[in-house]
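Below is one structure, written out as structure tokens; comments come after it.
Protein chains: 2
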Amino acid sequence: MPRPKKSENKTDLSDLLSEHQIDRSRAIGGQVYDLLRLFIILDQLQPGMQINELDIAKWLGVSRTPVREAYQRLMSDGLVITQPKVGSVVSSIDHKRIKEGIIIRRALEREVVRLICENDVDLDRFSANLALQRVAVSQSDAIEFFKQDEAFHLMLADLAGIPTAWKMAQSVKAHIDRARIRVTSNLPDRINQAFDEHLKLIDALKQKQSDTALDLISQHIEAIFSDVDKITPENLNI
Amino acid sequence: MPRPKKSENKTDLSDLLSEHQIDRSRAIGGQVYDLLRLFIILDQLQPGMQINELDIAKWLGVSRTPVREAYQRLMSDGLVITQPKVGSVVSSIDHKRIKEGIIIRRALEREVVRLICENDVDLDRFSANLALQRVAVSQSDAIEFFKQDEAFHLMLADLAGIPTAWKMAQSVKAHIDRARIRVTSNLPDRINQAFDEHLKLIDALKQKQSDTALDLISQHIEAIFSDVDKITPENLNI
DNA sequence: GTTTTCTAATTTTGATGAAAATTTATAGCC
DNA sequence: GGCTATAAATTTTCATCAAAATTAGAAAAC
Chain A
1 MPRPKKSENK
11 TDLSDLLSEH
21 QIDRSRAIGG
31 QVYDLLRLFI
41 ILDQLQPGMQ
51 INELDIAKWL
61 GVSRTPVREA
71 YQRLMSDGLV
81 ITQPKVGSVV
91 SSIDHKRIKE
101 GIIIRRALER
111 EVVRLICEND
121 VDLDRFSANL
131 ALQRVAVSQS
141 DAIEFFKQDE
151 AFHLMLADLA
161 GIPTAWKMAQ
171 SVKAHIDRAR
181 IRVTSNLPDR
191 INQAFDEHLK
201 LIDALKQKQS
211 DTALDLISQH
221 IEAIFSDVDK
231 ITPENLNI
Chain B
1001 MPRPKKSENK
1011 TDLSDLLSEH
1021 QIDRSRAIGG
1031 QVYDLLRLFI
1041 ILDQLQPGMQ
1051 INELDIAKWL
1061 GVSRTPVREA
1071 YQRLMSDGLV
1081 ITQPKVGSVV
1091 SSIDHKRIKE
1101 GIIIRRALER
1111 EVVRLICEND
1121 VDLDRFSANL
1131 ALQRVAVSQS
1141 DAIEFFKQDE
1151 AFHLMLADLA
1161 GIPTAWKMAQ
1171 SVKAHIDRAR
1181 IRVTSNLPDR
1191 INQAFDEHLK
1201 LIDALKQKQS
1211 DTALDLISQH
1221 IEAIFSDVDK
1231 ITPENLNI
């Protein structure tokens, strides 16, 4: 990694981060992690961008320690690449990694669906969440829908008895979401479709149609892929 | 978490850790993590044991910063529980978590096997690794076998094109191994059986018998479970 | 005399700023 | 043109301070 001359065109990022308030009464490291992770997924922190600890710390008004903590978690997520003693950059969007992520997430969520079909679980617990999803869809509120979508999948894994599976799926999901942010053209359509798939899945689960449910969850996750696949060239890392 | 009076019977752990040399020329945080992780899996650091950062740092002859880094990774592995401003303990062995881990690992490795059967991969690359396994088995060298076993499963995931799957499987494997250390009575038998299962799996893969291969990998992982299940009572966390 | 409540001390993690170590780019020299 | 020394940028580690939580003991209330 070349060490570029210290450039001064950092104002964009500086302004972006300076706006955000850190709550000093809660652990800072976690807040920095959440913030940076979101910025990377939302493409505000772009692939290849150099992010040194001192600058981030200064802009956020905290010391380097909590920033470092955040970096370590981002590194283990594969969202940041650190070369020891040299520097850190936001990782590039790697088509292969996304493909891998989708395969892993599909395998995990298929297992979740399989377990729910096998064991008796109370599927009525989804009604509140689905209602919130419906409201978000009707208002085309993508942010709120994504929040409820996460809650939906978490609840699924929870009811299946393997909450860790969702934690893992989430870590690969970051890469998928980051790519998706760039390529999804018609967001209202997309969330409407996703909501429809959620409804169908719960229906199939309630009727214990395990084959149908497995197909539905696979399609639900693979739908993401067709999105990503159509835009990102196979071998081009942005 | 109660805060017990500072007791002075720490000599066992102190001695245990003081013996280990830290290589100052490589990153310390990673070394501390590897060391503590191994100690927890090997049951030298036992469930419920309190481990405060300062003591570990002193015994290892390093500062608290790299120890903190290690703790953060151990926490995300679920091997250490830290209550803010109170303290850290080695997590208890949770039967439910192990069960979950086995289900997740099985799902991931079944996907690996499925992908290998679907796509054409060079399975001759296993011969060297299998030879090393054979030597380890013949010498009843469990440590060496476990090392080669890890390499075997990593190579499997690599050839399937989803190396991340093995990284994930590894994080749940720590919990499984920790329990297994306590219950496996006849280690030479166990590694002999595992080696046999590896051979059969590669055979099935070479002949593209995907159903057989899927059954074999499932059994390979579930074999662990029968071990753990027979000793650890369902609801008793140690 | 017993129980409850308040206060101070102790322990532990959280955060900070500075010093040390290391790598890389750049300029100067042969 | 290639090699070496120097300086800059950055991470890594350290020692120290700050904040939070629990315990222990004294004081107060019953």
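Protein chains in written order, with the working numbering: chain A, 1 to 238; chain B, 1001 to 1238.
Beta carbons are placed, not taken as given, at the ideal position from N, Cα and C, and that holds for glycine.
Considering just the uninterrupted stretch of the beta strand (DSSP E) at residue i, what are its terminal residues?
{"i": "GLY1061 of chain B", "result": "From DSSP, GLY1061 of chain B is part of no beta strand (DSSP E); its letter is neither H nor E."}
Cβ of residue i less than 8 Å from any chain B Cβ?
{"i": "LEU156 of chain A", "result": "no"}
{"i": "GLY161 of chain A", "result": "yes"}
{"i": "ILE104 of chain A", "result": "yes"}
{"i": "ALA174 of chain A", "result": "no"}
{"i": "ALA128 of chain A", "result": "no"}
{"i": "GLN72 of chain A", "result": "yes"}
{"i": "THR82 of chain A", "result": "no"}
{"i": "GLU118 of chain A", "result": "no"}
{"i": "GLU111 of chain A", "result": "yes"}
{"i": "GLU69 of chain A", "result": "yes"}
Grouping DSSP H, G and I as helix and E and B as strand, with all else coil, what is residue i?
{"i": "VAL172 of chain A", "result": "helix"}
{"i": "ILE1093 of chain B", "result": "coil"}
{"i": "VAL80 of chain A", "result": "strand"}
{"i": "GLN72 of chain A", "result": "helix"}
{"i": "SER1088 of chain B", "result": "strand"}
{"i": "GLN1044 of chain B", "result": "coil"}
{"i": "GLN1209 of chain B", "result": "coil"}
Kindly indicate if chain A contains any beta-carbon less than 8 Å away from that of residue i.
{"i": "LEU1108 of chain B", "result": "yes"}
{"i": "GLN1239 of chain B", "result": "Lying outside 1001 to 1238, the shown extent of chain B, residue 1239 of chain B is not represented and no answer is given."}
{"i": "THR1184 of chain B", "result": "no"}
{"i": "PRO1066 of chain B", "result": "no"}
{"i": "ALA1223 of chain B", "result": "no"}
{"i": "MET1049 of chain B", "result": "no"}
{"i": "ALA1213 of chain B", "result": "no"}
{"i": "GLU1100 of chain B", "result": "yes"}
{"i": "MET1075 of chain B", "result": "no"}
{"i": "ALA1027 of chain B", "result": "yes"}
{"i": "ALA1165 of chain B", "result": "yes"}
Just the C-alpha distance for residue i and residue j, rounded to the nearest angstrom, thanks.
{"i": "ARG1110 of chain B", "j": "LEU132 of chain A", "result": "35 Å"}
{"i": "ASN119 of chain A", "j": "ARG1178 of chain B", "result": "28 Å"}
{"i": "LEU1060 of chain B", "j": "ASP1034 of chain B", "result": "13 Å"}
{"i": "ILE56 of chain A", "j": "ARG97 of chain A", "result": "27 Å"}
{"i": "ASP1043 of chain B", "j": "ARG1180 of chain B", "result": "10 Å"}
{"i": "ALA1107 of chain B", "j": "ILE1224 of chain B", "result": "15 Å"}
{"i": "SER185 of chain A", "j": "ASP149 of chain A", "result": "19 Å"}
{"i": "ILE103 of chain A", "j": "ASP1015 of chain B", "result": "46 Å"}
{"i": "MET1075 of chain B", "j": "GLN1207 of chain B", "result": "42 Å"}
{"i": "SER1210 of chain B", "j": "HIS1198 of chain B", "result": "15 Å"}
{"i": "PRO1047 of chain B", "j": "LEU159 of chain A", "result": "27 Å"}
{"i": "LEU1216 of chain B", "j": "PHE1152 of chain B", "result": "15 Å"}
{"i": "GLN1050 of chain B", "j": "ARG26 of chain A", "result": "24 Å"}
{"i": "THR1065 of chain B", "j": "ARG1125 of chain B", "result": "41 Å"}
{"i": "ASP1189 of chain B", "j": "GLU1222 of chain B", "result": "16 Å"}
{"i": "PHE146 of chain A", "j": "PRO163 of chain A", "result": "19 Å"}
{"i": "GLU100 of chain A", "j": "VAL113 of chain A", "result": "20 Å"}
{"i": "VAL1062 of chain B", "j": "LEU1054 of chain B", "result": "9 Å"}
{"i": "HIS1095 of chain B", "j": "GLN1193 of chain B", "result": "24 Å"}
{"i": "GLN1139 of chain B", "j": "PHE1195 of chain B", "result": "13 Å"}
{"i": "ILE202 of chain A", "j": "LEU123 of chain A", "result": "7 Å"}
Between which two residues does the alpha helix (DSSP H) containing residue i stretch?
{"i": "ASP189 of chain A", "result": "187-206"}
{"i": "GLU1019 of chain B", "result": "Careful: GLU1019 of chain B lies outside any alpha helix (DSSP H) and carries neither H nor E."}
{"i": "ALA160 of chain A", "result": "142-160"}
{"i": "ALA27 of chain A", "result": "Here ALA27 of chain A belongs to no alpha helix (DSSP H), and DSSP marks it neither H nor E."}
{"i": "VAL1137 of chain B", "result": "1127-1138"}
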